[in-house]
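Visitor: Going by the numbering used here, the sequence shown runs without a break in its numbering and finishes at 941.
Even glycine gets a Cβ: it sits at the ideal position worked out from N, Cα and C.
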Amino acid sequence: MANGTDRMTRRKGARGIPPWWPRLGWDPRRRAAAPTTRETAAALAPVTRPEGAGENGLGREGFLPLPNRTPFEMLRVYRFLRDAFPDVADGVWTWKRLCQTGYDIQILDASSDVAARRAERLLQGLDRRVNSGDRGMDGLLDVFYTSLFTYGAAALEIVPTASGESIHDVVPVDVWTVRFRREAGELVAYQVWQGEEIALPRDRFIYVGLDREGTNPYGRSMLATIPFVMRIQQRLIEDMAKATHNAGWAKLHVTYTPEERERGESAEAWRERVEGGFSRLRDRLSGLEIDQNLVTYDNVRVNILRGDQRSVVFYENLKAIEEQVITGMHLMPVLMGRNYGTTETYGTAQFEIINRQVEAVNRSVKRVLERLYNFELALMWGEARARVDMRQNRTVDALKEATARAREIGNAVRLRDEGFLAHADAARTLGIE
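#1: Under the DSSP definition of a beta bridge, which residues are partnered with P766?
#2: Report yes if the CB atom of I613 is closer than 8 Å to the CB atom of V896, and no otherwise.
#3: Counting only the same chain and skipping the five closest in sequence on each side, list residues whose C-beta sits under 6 Å from that of R728.
#4: In three-state terms, what does DSSP make of I862?
#5: Output the boundary residues of the alpha helix (DSSP H) element that contains E665.
#6: Going by C-alpha to C-alpha distance, which of A732, A932, S774 and F688 sits closest to N724?
#7: Alpha carbon to alpha carbon, how far is E867 from A934? Give it in angstroms, no decimals.
#8: Measure from the alpha carbon of L634 to the alpha carbon of each residue in A618, I666, N919 and T654, then state which is nearest.
#9: Are there three or more Cβ pairs, one per stretch, closer than 8 Å when the segment 708-715 is compared with the segment 572-588?
#10: Compare the beta carbon distance of L731 and L589 with 8 Å and say whether it is the shorter of the two.
#11: Closer than 6 Å by C-beta to T763: which residues in its own chain qualify, once you throw out the five before and the five after it? Chain order, please.
#12: Whole-angstrom Cβ separation of R899 and L616, contact assumed at under 8 Å?
#13: Can you check whether the CB of V686 is closer than 8 Å to the CB of A663?
#14: Find the nearest neighbour of G722 within the set E776, L572, A886 and W889, judged by alpha-carbon distance.
#15: Please tell me whether S619 and L887 are closer than 8 Å, where the distance is taken between their beta carbons.
#16: Which of the three DSSP states is assigned to D617 in this structure?
#17: Measuring only the C-alpha atoms, how far is G927 from Y611?
#18: Could you give the first and the last residue of the continuous alpha helix (DSSP H) run that contains D677?
#19: Taking the alpha-carbon positions, what's the D799 to L656 distance?
#20: Report the CB separation of K604 from D650 in whole angstroms; it is logged as a contact under 8 Å.
#21: From this set, I706, V555 and W778, which residue's C-alpha is nearest G450's C-alpha?
#22: If you draw a straight line from the C-alpha of Q741 to the C-alpha of L938, how long is it?
#23: Could you check whether G647 and R636 sit closer than 8 Å to each other, using their CB atoms as the reference points?
#24: Mapping the DSSP letters down to three states, classify A542 as helix, strand or coil.
#25: Give me, in chain order, the residues of the same chain whose beta-carbon lies closer than 7 Å to that of Y586; leave out the 5 immediate sequence neighbours on both sides.
#26: Which term fits D621, buried or exposed, when burial requires 16 or more other beta carbons within 10 angstroms of its beta carbon?
#27: Along the chain, where does the alpha helix (DSSP H) that runs through F588 open and close?
#28: On the CB-based measure, 16 or more other CB atoms within 10 Å of its CB, does P680 come out buried or exposed?
This is the structure we're talking about:
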């Protein structure tokens with residue numbers, strides 16, 4: 509019994525604190541050591557005020573509104589646009605696939621070889637468990653990117669096991685249900701579900717906002733610029749479909765000249781005779797086969813009507829609208845199947861710009877993955893830390909890229925050998941830690 513008590517004391521440490529709490533920033537002793545005087549707190553507080561500070565009627569139940577006070581229902585509209593319109597669906601699909609470059613995990617600062625191997629096993633198991641086991645981490649990232657490029661934000665919840673010794677699951681959170689409120693100067697996340705406000709655990713809730721505006725915590729969807737343009741585009745396509753139907757097929761225009769009124773014929777009888785002849789002619793034409801010809805008296809004239817050059821005007825208008833959609837989604841025409849340049853350089857320049865944007869987005873994903881993995885490693889016995897390195901899309905000219913990288917490495921080595929840079933500094937210039 510004494511040995512069991514000693515083990516429990518060593519596991520919990522001083523004051524009954526589990527040893528992995530400080531690694532997660534949960535040490536309650538820090539709160540006692542924090543400054544508590546009003547003067548110290550005022551000195552540490554920023555002078556500027558965040559958006560919504562001291563305002564009433566910020567939104568539903570005092571929640572911070574979306575940028576420009578956009579209604580939260582617009583998030584559902586963005587989803588409809590993504591699912592219903594081809595250009596938007598292609599844009600979101602393209603962004604997801606461009607960002608899913610894959611990544612590599614390195615185990616750092618392991619306390620022993622055994623701890624390093626245990627960390628690798630734990631992270632492999634976590635990759636299989638997350639997203640309720642539905643394609644694991646790959647499936648979770650697919651949902652994450654879809655939400656990020658549709659709503660401008662993505663959210664995850666870490667679900668620990670009942671014992672708190674590991675992560676049981678990581679589940680996506682429906683972004684359109686997430687709201688933020690400032691309480692005691694801090695942002696607190698809630699989920700509005702069937703009229704109920706659910707406070708989300710700060711230590712286990714992950715929210716990533718794309719293109720955040722100032723102190724507003726919500727992200728900005730790239731589809732926010734789309735609805736008005738999409739309405740014009742769909743109206744134009746509808747009109748073009750009607751006009752193309754008329755312009756695309758030649759039509760016969762048959763004109764019938766009525767016979768002269770006979771001597772002694774009443775006006776009523778003449779009208780009936782003309783209408784009867786017109787009806788018989790119309791009936792015969794309506795049943796005319798493709799290989800049959802018309803034989804009439806010379807009071808019937810047949811013309812062919814064509815819609816010349818009408819479709820070109822519609823195509824030019826539609827092209828202008830499509831360019832607005834592509835620009836609104838921060839994409840390049842070449843990635844939407846349109847390339848207006850005649851040289852390879854034009855498409856290559858566009859792809860290079862897109863890759864810079866992909867790298868910026870994946871830096872946020874890198875931090876999310878490191879938080880998940882290090883959360884799991886903080887709960888295991890032994891010390892270890894995980895670092896995630898996001899891979900990059902290959903450039904169009906792989907040989908040119910390899911040549912440039914070789915010269916870059918050669919220059920760094922030459923600076924190190926000449927004594928201008930230390931070995932560690934030369935490695936940092938190459939992006940090697």
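Guide: In short:
#1: In the DSSP assignment, no residue is bridged to P766.
#2: Result yes, Cβ atoms of I613 and V896 sit closer than 8 Å.
#3: Within the same chain, R728 has close Cβ partners P575, G660 and D719.
#4: I862 sits in a helix when the DSSP states are folded into three classes.
#5: Counting along the chain, E665 falls outside any alpha helix (DSSP H), though it belongs to the beta strand (DSSP E) covering A661 to P668.
#6: Comparing alpha carbon positions, the residue from A732, A932, S774 and F688 closest to N724 is F688.
#7: Annotation: A934 to E867 spans about 22 Å, alpha carbon to alpha carbon.
#8: Taking only the C-alpha atoms, the option nearest L634 is I666.
#9: With a cut-off of 8 Å, the segment 572-588 and the segment 708-715 do not count as touching, because too few Cβ pairs lie within range.
#10: At a Cβ-Cβ threshold of 8 Å, L731 and L589 count as neighbours.
#11: Only R809 meet the Cβ criterion.
#12: With a Cβ gap of about 18 Å, R899 and L616 do not count as contacting.
#13: Yes, these two residues count as a Cβ contact at 8 Å.
#14: Nearest of E776, L572, A886 and W889 to G722, Cα basis: L572.
#15: Result no, Cβ atoms of S619 and L887 do not sit closer than 8 Å.
#16: Residue state for D617 is assigned as coil, using DSSP reduced to three classes.
#17: Straight-line Cα distance between these residues: approximately 34 Å.
#18: Residue range I675 to V681 is occupied by the beta strand (DSSP E) that includes D677, with no alpha helix (DSSP H) assigned at that position.
#19: Distance between the alpha carbons of D799 and L656: 59 Å.
#20: Sure, about 7 Å apart at Cβ, within 8 Å.
#21: Because the chain here runs from 509 to 941, residue 450 falls outside it and cannot be looked at.
#22: Near 47 Å, if we compare the C-alpha coordinates of L938 and Q741.
#23: Between R636 and G647, the C-beta gap is not smaller than 8 Å, which leaves the two residues out of contact.
#24: A caution first: A542 carries a pLDDT of 44, below 50, which makes its placement in the model unreliable, though a value can still be read off. Of the three classes helix, strand and coil, the one that applies to A542 here is coil, per DSSP.
#25: Hits under 7 Å: T658, Y659, S729 and L731.
#26: Residue environment: D621 is assigned as exposed (fewer than 16 neighbouring CB atoms within 10 Å of its CB, all protein chains considered).
#27: Looking at the DSSP string, the run of the alpha helix (DSSP H) that includes F588 is M582 to A592.
#28: P680 is buried by the Cβ-count criterion.
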